[in-house]
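According to the working numbering, the sequence shown is numbered sequentially starting from 866.
From the three backbone atoms N, C-alpha and C, an ideal C-beta is built for every residue, glycine too.
Before any comments, here is the structure.
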Amino acid sequence: MSHSEILRREKSGELYKEIVNLLPIYLTIQDRDLNIIFANQTFYDEFGPRLGKKCHFVYKGSLNKCRACPVQKTFSDKKVHLSEETIRTHGGKTAQMIVYSAPILDQAGNVVSVMEMATNITRVKVMQKELTELGQSIALMSHGVKNILEGLQGGSYVVDEGLHDGDLTLIQRGWGIVKNNITDISRIVQNILYSSKKRTILLERVAPGDIIKDSINLFRGKARSERIELSCEINPALPEVNMDPFAIRKMMNNLISNAIEACAKDKSKSSHRIVVRADDYNELQFKYEVEDNGIGMDERTRLQIFTEFFSTKGTEGTGLGLAVVDKIVKEHKGKIEVDSTPLIGTLFRILFLKM
866 MSHSEILRRE
876 KSGELYKEIV
886 NLLPIYLTIQ
896 DRDLNIIFAN
906 QTFYDEFGPR
916 LGKKCHFVYK
926 GSLNKCRACP
936 VQKTFSDKKV
946 HLSEETIRTH
956 GGKTAQMIVY
966 SAPILDQAGN
976 VVSVMEMATN
986 ITRVKVMQKE
996 LTELGQSIAL
1006 MSHGVKNILE
1016 GLQGGSYVVD
1026 EGLHDGDLTL
1036 IQRGWGIVKN
1046 NITDISRIVQ
1056 NILYSSKKRT
1066 ILLERVAPGD
1076 IIKDSINLFR
1086 GKARSERIEL
1096 SCEINPALPE
1106 VNMDPFAIRK
1116 MMNNLISNAI
1126 EACAKDKSKS
1136 SHRIVVRADD
1146 YNELQFKYEV
1156 EDNGIGMDER
1166 TRLQIFTEFF
1176 STKGTEGTGL
1186 GLAVVDKIVK
1196 EHKGKIEVDS
1206 TPLIGTLFRI
1216 LFLKM
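Laid out in C-alpha cells, this is it:
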C-alpha cells in the first residue's frame, strides 16, 4: 500500500476501521443498558452478529449483569476500569479474559457510551498454573531426594560400624538400607527422564510373565525390609506379545513401589501382602494386576492419582510414578482400572491387547 493510499484511507476513516477490525481482541461499544451497539470483526468472527444484545448475555449466556461490571463503573465515574472475567465462546469453550472499559465522551464531557476491550488470556493462565505446579514439583522432588540421601548416609554409617566391629550381620543390614535407597533414587531419576521427553516405544516379542519376575526380584529385598509379603501369580500359558520391555518394566516397578509404600504407610494391620499377576482377561486381552492390602484411597484421590505432580505422600513423593504408568499404558494403547477402599487396599489392573 502506497503512502498516498494510506493518507487517503486515513482521511476517509477507512484506515482506522481496518485497524479496529484487525485487533486481536473483542472490541465493543455499549450503551447504558449494556447493549452492544458496535463490534469489531474479531468479535463478529467469534460470536456472529449480536448488535442490540446484552453484553453479559453474549459473553456468558446470563440474563443478569456481571457483579463488578467495568462498563457500568465507567458510566458512573468516567474512568478506565479493569476486570478479569470467564466467558463462554460461541463454540462452547470457556475462556479467561482481561477486560478494559473506557469512556466515550460528547463535547460537553458526558459519557454517551463505553468502549469495552476483552483480551483472551487463557494461555497465560495455563502457563501460570503450569509454572506454579513445576515449582511445587521441584520442591517435592528435592525433598524426596534429600530423604533418600539421608537414608544412604544412615545405611553407610551402619555398614561402617559393621566393618569396624567385624559384624557381618550389621554390614548386611546396612547394605540392605543402602540398596533400597539406591533403588529409590534411581526410580525418581528415571521417572523424571521418562516424563520430560518424548520417547518412541521399541516393540519386541516379550513374555509378560518375565517382566513381573524381573520387577519382583528388584523389590524383594525392600519388601522384606518392610515385612511385606511380595509374591506373583503368572499364567504360564500366556503367549508372547509385542511390548516395549524397558517401558513395561518401568511401569511394573512404579506400581510395585507404590504398593510397598501403601503397605508401609498402613499401621492398622499386623501383616501386609502384595500380589502381582499376569493372566488372560479375555480372548483379545491379557491383564497385569498389582494388588495390595495397604492403606487404600478414597474416590477423590483415586480420580487424581494419574495427574502429573499429584502425590498422596506429601513432601515424600514426586507425583511422577503413576503419571509415568499412565503414559506408558497409553503409549501401548492399553487401559488402567483402579479399585481401592480406604484401609482395605488397592488393585491396579492394566489391560493390553494380545498382539
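Kindly indicate the opening and closing residues of the alpha helix (DSSP H) around residue i.
i       : result
Ser1122 : 1110-1130
Lys1200 : No alpha helix (DSSP H) holds Lys1200; the beta strand (DSSP E) holding it covers 1200-1206.
Thr939  : 935-942
Ile963  : First-last for Ile963: 959-970, but that is the beta strand (DSSP E), not the alpha helix (DSSP H).
His1224 : Nothing can be reported for residue 1224, as the shown portion of the chain is limited to 866 through 1220.
Thr1166 : 1164-1167
Glu911  : 906-912
Ile1193 : 1186-1196
Which word fits residue i, buried or exposed, when buried means at least 16 other C-beta atoms lie within 10 angstroms of its C-beta?
i       : result
Lys995  : Here residue 995 is Glu; the residue named in the question, Lys, does not match the sequence. Its Cβ having fewer than 16 others within 10 Å, Glu995 is exposed.
Val1054 : exposed
Gly956  : exposed
Gln895  : buried
Met1220 : exposed
Gly1020 : buried
Thr1180 : Bear in mind that the predicted position of Thr1180 carries a pLDDT of just 41, short of 50, making it unreliable; the figure below should be weighed with that in mind. Its Cβ having fewer than 16 others within 10 Å, Thr1180 is exposed.
Val989  : exposed
Val991  : exposed
Ile1193 : buried
Ile884  : exposed
His1197 : buried
Gly1186 : buried
Leu1028 : exposed
Ala1088 : buried
Ala933  : exposed
Gly1182 : With a pLDDT of only 49 at Gly1182, under the threshold of 50, the placement of this residue in the model should not be trusted, and no figure is reported.
If residue i sits next to residue j, beta carbons under 8 Å apart, how far is it from one beta carbon to the other, in whole angstroms?
i       : j       : result
Asn1123 : Leu1068 : So it is not a contact: roughly 25 Å between Cβ atoms.
Ala1071 : Val1043 : One point to set straight first is that residue 1071 is Val, not Ala, in the sequence displayed. The pair is not a contact, with the Cβ atoms about 31 Å apart (cut-off 8 Å).
Val964  : Leu970  : Contact flag wrong, Cβ pair sits at about 20 Å.
Leu1083 : Leu1149 : Contact flag wrong, Cβ pair sits at about 30 Å.
Ile1066 : Ala1112 : 6 Å
Glu981  : Ser966  : 5 Å
Arg1214 : Glu1154 : 5 Å
Asn1045 : Gly1086 : 7 Å
His946  : Thr954  : Their Cβ separation, rounded to whole angstroms, is 23 Å, which puts His946 and Thr954 out of contact at 8 Å.
Per DSSP, which one or two residues make a beta bridge with residue i?
i       : result
Lys1152 : Asp1144, Leu1216
Val1071 : Val1106
Thr1048 : Paired residue(s): none; Thr1048 is not in a bridge.
Cys1097 : Val1141
Ile952  : Ala960
Asn985  : Met962
Val976  : Leu970
Asp1157 : Ile1139, Thr1211
Phe903  : Ile894
If you follow the beta strand (DSSP E) that residue i is part of, which residue opens it and which one closes it?
i      : result
Gln895 : 891-895
Val945 : Here Val945 belongs to no beta strand (DSSP E), and DSSP marks it neither H nor E.
Inset, instruction - Report yes or no: do three or more beta-carbon pairs, one from the region 1126-1140 and one from the region 1079-1098, lie closer than 8 Å? - result: These segments touch.
Inset, instruction - Count the C-beta pairs between the region 1108-1127 and the region 1151-1164 that are closer than 8 Å, then say yes if the count reaches three, no if not. - result: In short, these stretches touch, since the Cβ pair count reaches three.
Legend entry - Touch test, the region 886-899 against the region 915-930, Cβ-Cβ under 8 Å, three pairs minimum: yes
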